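Scroll down for the structure; my scribbles are underneath it.
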Amino acid sequence: MGFRINTNIGAINAHRLGVANNSSLDSSLEKLSSGLRINKAADDSSGLAIADSLRSQSSSLGQAIANANDAMGIIQTADKAMDEQVKILDTIKMKAIQAASDNQSNESRNAIQKDVNRLLEQLDNIANTTSFNGRNLLDGKFSNKEFQIGAYSNQTLAASIGNTSTTVTGNITTKTAIAQLGNSADLSEVAKKGTNTLTSSGIDGVAVGDTIRIDGVGDYKISAIVASGGDTTLTFETGLEKDLEVGQKIALVKTTQEQINMAEMKAGTLTDMTGLAVGDKLVATGTDGSLTTHTITSLDSTTGAIGFDAAVAADATNLRMSERKALGTVYSGSDYIQLTVEGVKLPGVQLTDANGNGVVNTGLGAAAAQVNLGTAEHGIKANAVVEANSETKVMGGDIAQDIKVNGVVILGAGDNIKESDTDNKLVNAINSKSNETGVTASLEADGTLTLVSDGRAMNLQGFTNTAGINDGVIAGHIEFTRNNLGLMNVSSEHFTDEGLNTANAAAKTLDEIVTAHQLNEIATGRMRDGDPVGLLRTREGAMRAMDLTEAATRELDSVRADLGSVQNQLTVTVNNISVTQVNVKAAESQIRDVDFAKESAEFSKFNILAQSGSYAMSQANTIQQNVMRLLQ
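When we follow this note's numbering, the leftmost residue of the sequence shown carries the number 9, and every step to the right adds one.
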């Protein structure tokens, strides 16, 4: 063999192998010190991607378990609160049984009623204050809430908790009232009899024995009345017991695209209306009318042309002004204003005159206007075809205020309209905004303006000519005509034994009083009494209170049973997620964690190789010294 000293191949190889061995030794030490097989992407790139995905799934499952446990906490909180409500209902039923015995006097029954009222307040207090993390649970707003119980999107569980307040518990199914053409609805078995006092003043012209009829639902007979003020005692033989709020309406079922049928017409008159002044009350009654009042806000004479034929209504009452008089006409005792009362209930069209006085107009619906004044839970929906029956003759002159249709300005104050709109200025202006308002206009040969809606409600402002009611005397008589609408499947399962409420009609206008007789939600079955005719003040009322408490208890138990099912479902879900999380963790560990037994063996190997490599490099370096012997 040859001897070379410039290039020591043996030393170079020993160095190369020693460097590689030291790198492996460092990697083994890193794994042993961290406990991880993969410390960087270079260790196992594909394994790192899989391990990271499994780690994300595992941590997500851990949060899902926490969410499910929170959901169970919510359900347990609601369940315990409802358990207290059930105990309160049990106490109320016990009180009702006590009041149902005829050995109780009126005083003792009143005391029992007061005790029950307090219990009902606490029942509502529980429903309104039970919360979890700031969310109320029993007031009906905790509905269709979803809990994320999975590691990926849309893996949710939905839960709802119903309203457990006294306004919805204890609903009692009542009979369905169906009235065909010419017949009124028979709801005589819905309410409890009772007598109440209506404090009234300033309502004249109603005699003992007259009947108040509210939209064909029950007749309320007046057994005594004071002609000019004081206390008016009304005996309600039968009626619908319901807290009436201003703006509520009766919903009529109508499922076809046909016109609403009218019942037979009945009429009566109210005469001797002379001497009226601003602020006076108009009282109208008749054979089949309604007890209403109206405040006169303007009463002047006529100085300019005015004509109107607009159907206006409130609470199924159309007041049709059918007389057209030229400017300068003086109204005298021989003149009259005809008022037509039509029992139609549609989405109201708001007609506001130039003075800002608004009345409800139900005569402007076009085709297929949907009538849905009830709530979805009662299934009270209707479709009706209503022909436009409101026609207003266009009078010439300057516009006193902006003309608006559904809030959109059509013509501004100061614009001039010709007599009968001969240049179609008003019609064109309305039709140019029909896309925004849903209202189209047409003009007849006699100058009559007809407005037609595409089915939306209309709000009209500035269409009444106010330029001139001066020097006039309105006298004569007022004719009332009432058309009763044939009711179709007016029904609900939530009438209540609410009793009669005391009201003061002195300061109310016609619109307020009539609107107050409308029922928009024939809904809430109230456990509360809160009026002079209470549940427990009679034996019959106490019996009904027992039925109400039993029904309320059944409803609460039904809600609790549903919540129990959801809680069991959550428990199973948590168990399943926990097992899945363990398995995912195990799979990640197989990829990411180091096997200490295997890695210890590798470390021992690399450690020995490092030592032997150092020895080999030392020996390779000493071989070059053999050349020196050749030179000696």
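Note that the Cβ used here is the ideal one computed from N, Cα and C, for glycine as well.
The structure displayed is predicted, hence computed values, not measured ones.
Closest to V602 by CA distance: which of A22, L25, D51 is it?
-> Position 594 of the sequence shown, counted from the first residue, corresponds to residue 602. The shortest Cα separation from V602 among A22, L25, D51 belongs to D51.
Do you know whose CA, among V567, T138, A108, lies nearest A553's CA?
-> As a first step, residue 553 must be located in the sequence shown, where it is residue number 545. Comparing Cα-Cα distances from A553 to each of V567, T138, A108, the minimum goes to A108.
Buried or exposed by the 16-neighbour rule on C-beta atoms within 10 Å, applied to K103 = Taking the first residue of the sequence shown as position 1, residue 103 is located at position 95. Buried, by the Cβ-count rule.
According to the Cβ coordinates, are I73 and L571 closer than 8 Å?
-> Locating residue 73 in the sequence shown gives position 65, counting from the first residue. Locating residue 571 in the sequence shown gives position 563, counting from the first residue. No, Cβ-Cβ distance for I73 and L571 is not below 8 Å.
Do you know how far the Cα of S67 is from the Cα of V94?
-> For the purposes of this step, residue 94 is taken as the residue at position 86 of the sequence shown. For the purposes of this step, residue 67 is taken as the residue at position 59 of the sequence shown. Their Cα atoms are separated by approximately 41 Å.
Who does E154 pair with in a DSSP beta bridge?
-> Position 146 of the sequence shown, counted from the first residue, corresponds to residue 154. Answer is A166.
N467 lies in the beta strand (DSSP E); which residues open and close that run?
-> Reading the sequence shown from its first residue, position 459 is the one you call residue 467. Per DSSP, N467 belongs to the beta strand (DSSP E) from 467-469.
Residues in its own chain within less than 7 Å of R547 by CB, not counting five upstream and five downstream?
-> For this step, residue 547 is matched to residue 539 along the sequence shown. If we look at R547 and ignore the five residues flanking it on each side, its Cβ neighbours are A108, D110.
Shortest alpha-carbon distance to F604 belongs to which of A19, N414, R45, N16?
-> Working through the sequence shown from its first residue, we reach residue 604 at position 596. Nearest of A19, N414, R45, N16 to F604, Cα basis: R45.
Looking at C-alpha atoms only, which residue of N439, K613, N21 is the closest neighbour of T458?
-> Sequence index remark: in the sequence shown, residue 458 carries index 450 (1-based). Measuring from the Cα of T458, the nearest candidate turns out to be N439.
Does the pairing of the region 120-140 with the region 85-93 give three or more beta-carbon distances under 8 Å?
-> yes
Mind checking who L40 pairs with in its DSSP beta bridge?
-> Stepping through the sequence shown from its first residue, residue 40 is reached at position 32. Paired residue(s): none; L40 is not in a bridge.
Backbone secondary structure at R45 - three-state DSSP | By one-based count along the sequence shown, residue 45 stands at place 37. Coil at R45, not helix or strand.
Inter-residue spacing [alpha-carbon to alpha-carbon] between A79 and L578 | Taking the first residue of the sequence shown as 1, we reach residue 79 at position 71. Taking the first residue of the sequence shown as 1, we reach residue 578 at position 570. Going by the C-alpha atoms only, they are around 8 Å apart.
According to the Cβ coordinates, are K149 and S168 closer than 8 Å?
-> Working through the sequence shown from its first residue, we reach residue 149 at position 141. Working through the sequence shown from its first residue, we reach residue 168 at position 160. Not in contact: K149 and S168 (Cβ atoms no closer than 8 Å).
Is K606 helix, strand or coil by DSSP?
-> Taking the first residue of the sequence shown as 1, we reach residue 606 at position 598. Residue state, collapsed to three classes: helix.
Please name the residue or residues paired with V413 in a DSSP beta bridge.
-> Mapped onto the sequence shown, residue 413 falls at position 405. DSSP lists V416, L468 as partners of V413.
Label D505 either buried or exposed according to how many other C-beta atoms from any shown protein chain fall within 10 Å of its C-beta, with 16 as the threshold for buried.
-> Translated into positions along the sequence shown, residue 505 becomes position 497. Bear in mind that a pLDDT of 34 at D505, under 50, signals an unreliable position, so the number given afterwards is only what the model happens to contain. Buried is the call here.
With DSSP collapsed to three states, give me the class of S53.
-> Locating residue 53 in the sequence shown gives position 45, counting from the first residue. In this structure, S53 counts as helix in the three-state DSSP scheme.
What three-state label does DSSP hand T456 in the structure shown?
-> Sequence index remark: in the sequence shown, residue 456 carries index 448 (1-based). Here T456 sits in strand by DSSP.
In the DSSP assignment, what residue or residues form a beta bridge with S450?
-> Here the question's residue 450 lines up with position 442 in the sequence shown. DSSP, once it has assigned bridges, lists T458 as partnering S450.
Starting from I100, follow its DSSP beta bridges and name the residues at the other end.
-> Here residue 100 refers to the residue found at position 92 of the sequence shown. Answer is none; I100 lacks a bridge partner.
Taking all protein chains shown into account, decide if G81 is buried (16 or more other Cβ within 10 angstroms of its Cβ) or exposed.
-> Walking along the sequence shown from the start, residue 81 turns up at place 73. Label assigned to G81: exposed.
Beta-bridge partners of V424, as assigned by DSSP | As a first step, residue 424 must be located in the sequence shown, where it is residue number 416. Note on identity: in this sequence residue 424 is Asn, with Val being the wrong assignment. D406.
Classify D601 as helix, strand or coil using the three-state DSSP reduction.
-> Position 593 of the sequence shown, counted from the start, is the residue given in the question as residue 601. In the structure shown, D601 sits in a strand (DSSP, three-state: E or B).
Under the DSSP definition of a beta bridge, which residues are partnered with F140?
-> Residue numbering aside, residue 140 sits at position 132 when the sequence shown is read from its first letter. Answer by DSSP bridge pairing, in chain order: R143.
Quick one, which of N424, G26, G415, V417 has its alpha-carbon nearest D406's?
-> Taking the sequence shown and counting its residues from 1, the one referred to as residue 406 is at position 398. Cα-wise, what sits closest to D406 is N424.
Any idea if D132 is buried or exposed, counting beta-carbon neighbours within 10 angstroms, 16 or more meaning buried?
-> Position 124 of the sequence shown, counting from 1, holds the residue named residue 132. Burial call: buried.
Figure out for me which residue from N443, T445, R12, G420 has the closest Cα to the Cα of K433.
-> In the sequence shown, counting from the first residue as 1, residue 433 sits at position 425. Looking at the Cα atoms, G420 is the closest of the given residues.
Can you grab the Cα-Cα spacing for the pair G7 / D429, in whole Å?
-> Because the chain spans 9 through 640 in this model, residue 7 falls outside it and cannot be assessed.
Per-residue burial, G549 [other beta carbons within 10 Å of its own, 16 or more giving buried] | Against the sequence shown, residue 549 aligns to sequence position 541. Buried is the call here.
Enumerate in chain order the residues of its own chain whose CB-to-CB distance from A628 is below 7 Å, with the five nearest sequence positions on each side excluded.
-> Residue 628 sits at position 620 when you count from the first residue of the sequence shown. The answer, listed in chain order, is N16, G18, A19, A22.
Grab me the residues of E610's own chain with a C-beta within less than 6 Å of its C-beta, minus the 5 sequence neighbours each way, in chain order.
-> Your numbering for residue 610 matches position 602 in the sequence shown. Cβ within range, chain order: S36.
Kindly confirm or deny that the region 58-65 and the region 592-601 touch, where touching means at least three C-beta pairs closer than 8 Å.
-> yes
Take K101 as the anchor and find which of A560, Y623, V635 has the nearest alpha-carbon.
-> Position 93 of the sequence shown, counting from 1, holds the residue named residue 101. For K101, the nearest C-alpha among the options comes from A560.
Kindly list the residues whose CB is nearer than 7 Å to the CB of G170, restricted to its own chain and excluding five residues on each side of it in sequence; keep chain order.
-> As a position in the sequence shown, residue 170 is number 162, starting the count at 1. Excluding residues within five positions, the ones whose Cβ falls inside 7 Å are G148, V567.
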